[in-house]
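In our numbering, each residue's number is its place in the sequence shown (first place is 1) plus 4.
Backbone N, C-alpha and C fix where the C-beta goes; we use that ideal spot for every residue, glycine too.
Report on one structure; see the data block that follows.
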Amino acid sequence: MITNLYNQEYGYRGWEVVGMTLLMAFSNLLFLNNFLLEIRKKEPHCIFTMGLTFVCSFMYHISDSTQLEFFLPELEWHRLDDVGSICCIIELMIYMIQPTQELRNLISWLSFILVMFLKEDHAWEIWSSIFPISLVLIYYVYSMPHVQIKQKGLQRKGAFILIFAVICFYKGLNEFQDYLRIWHSLWHIFISFATFYLAQVHSSEPVSISQLWGFQKGKQYMKL
């Protein structure tokens with residue numbers, strides 16, 4: 005049965021299809037850590053954005069790997085995945101800046117509406133991704149010198165892992181030269197860990213992944 009599997013888009017057969025599907029599934033499941041973290045932090049908009057991204061990214065990559073349609077066409081899952089991913093980047097920058105809750109909510113919802121609008125008519129044009137991120141990035145660069153980071157150790161760790169995430173993202177841009185989407189899977193893995201740490205730089209009591217899932221007890225993640 006496995007030997008009959010065929011991915012026409014990439015030309016993969018049999019165990020190659022299985023391997024790509026497992027890589028995509030496993031690397032996406034790591035974002036459950038980020039989703040649970042946002043639930044723990046009780047940030048409604050972040051919970052919504054992270055949940056949207058997790059579901060749409062998982063469905064898109066499974067559809068892409070298996071060439072099967074699950075509820076929506078693959079390209080629709082891809083478009084929604086882009087929307088969620090862009091909004092997650094924006095949410096992380098807003099969190100790092102630590103504006104007032106009212107301003108944070110305003111930026112979050114306006115950004116989400118803008119991204120949805122751009123991706124509706126210009127889904128596959130690169131500027132539709134860069135433009136909304138750039139708007140918040142300007143505010144981020146202006147504000148960060150005035151922000152006090154509580155967990156500098158987590159900031160350094162997250163930034164270090166983020167470097168590897170960006171490298172893997174770049175290496176996987178050409179999906180037809182990225183065998184089994186290995187580089188893209190590594191992007192998922194590194195970015196999930198990087199953002200897990202960066203999303204706790206203002207926390208008084210950061211948690212580890214084992215603490216998050218209840219495997220380890222203790223108030224403090226580590227001495228930083």
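Exposure of residue i, with buried meaning 16 or more beta-carbon neighbours within 10 Å
{"i": "PRO77", "result": "exposed"}
{"i": "HIS65", "result": "buried"}
{"i": "TYR146", "result": "exposed"}
{"i": "TYR225", "result": "At TYR225 the pLDDT is 47, less than 50, meaning the model places this residue with poor confidence; the figure from the coordinates comes in the next sentence. When all chains shown are included, TYR225 counts as buried."}
{"i": "LEU72", "result": "exposed"}
{"i": "PHE75", "result": "exposed"}
{"i": "GLU179", "result": "exposed"}
{"i": "GLU129", "result": "exposed"}
{"i": "LYS227", "result": "Any reading at LYS227 must be qualified, since the residue scores a pLDDT of 41, below 50, and its modelled position is unreliable; the value itself is stated next. Its Cβ having fewer than 16 others within 10 Å, LYS227 is exposed."}
{"i": "THR25", "result": "buried"}
{"i": "LEU96", "result": "buried"}
{"i": "LEU33", "result": "exposed"}
Own chain, CB closer than 7 Å to residue i, minus 5 neighbours either side, in chain order
{"i": "ASN37", "result": "SER196, PHE200, ILE213, LEU216"}
{"i": "GLN204", "result": "GLN155, LEU158, PRO210"}
{"i": "HIS82", "result": "TYR64"}
{"i": "ALA198", "result": "GLY162, ILE165, LEU166, ALA169"}
{"i": "GLU20", "result": "LEU184"}
{"i": "ILE142", "result": "none"}
{"i": "GLU42", "result": "CYS50, ILE51, MET54"}
{"i": "TYR16", "result": "MET24"}
Same chain, Cβ closer than 6 Å to residue i, neighbours up to 5 away in sequence not counted
{"i": "LEU4", "result": "Look at the range of the chain in this structure, 5 to 228, and you will see that residue 4 is not part of it."}
{"i": "ILE98", "result": "ARG108, ILE111"}
{"i": "VAL140", "result": "ILE94, MET97"}
8 Å Cβ cutoff met for residue i and residue j
{"i": "ILE90", "j": "SER133", "result": "yes"}
{"i": "LEU184", "j": "GLY23", "result": "yes"}
{"i": "HIS206", "j": "SER112", "result": "no"}
{"i": "GLY162", "j": "LEU202", "result": "yes"}
{"i": "PHE35", "j": "PHE52", "result": "no"}
{"i": "ASP86", "j": "ALA127", "result": "yes"}
{"i": "PHE194", "j": "ILE165", "result": "yes"}
{"i": "LEU40", "j": "ILE186", "result": "no"}
Residue i, enclosing alpha helix (DSSP H) - first and last residue
{"i": "LYS46", "result": "Note, LYS46: premise wrong, no alpha helix (DSSP H); not H, not E."}
{"i": "LEU110", "result": "105-125"}
{"i": "LEU177", "result": "From DSSP, LEU177 is part of no alpha helix (DSSP H); its letter is neither H nor E."}
{"i": "PRO210", "result": "Taken as a continuous stretch (DSSP letters only), PRO210 belongs to no alpha helix (DSSP H), as it is neither H nor E."}
{"i": "VAL140", "result": "131-147"}
{"i": "GLY88", "result": "78-101"}
{"i": "ALA198", "result": "186-202"}
Sequence-distant residues of its chain with Cβ nearer than 8 Å to residue i (five each side left out)
{"i": "ASP182", "result": "LYS175, GLY176, HIS188"}
{"i": "VAL151", "result": "MET100, ILE101, GLN102"}
{"i": "PRO136", "result": "ILE90, ILE94, SER115, LEU118, VAL119, LEU122"}
Proximity test, residue i beta-carbon vs the ligand SAH heavy atom, cut-off 7 Å
{"i": "PRO149", "result": "The ligand SAH is not among the ligands present in this structure, which contains no ligands whatsoever."}
Pick out the complete alpha helix (DSSP H) segments inside the region 16-71, 4 residues or longer, and give them in chain order. 19-33, 35-45, 48-70
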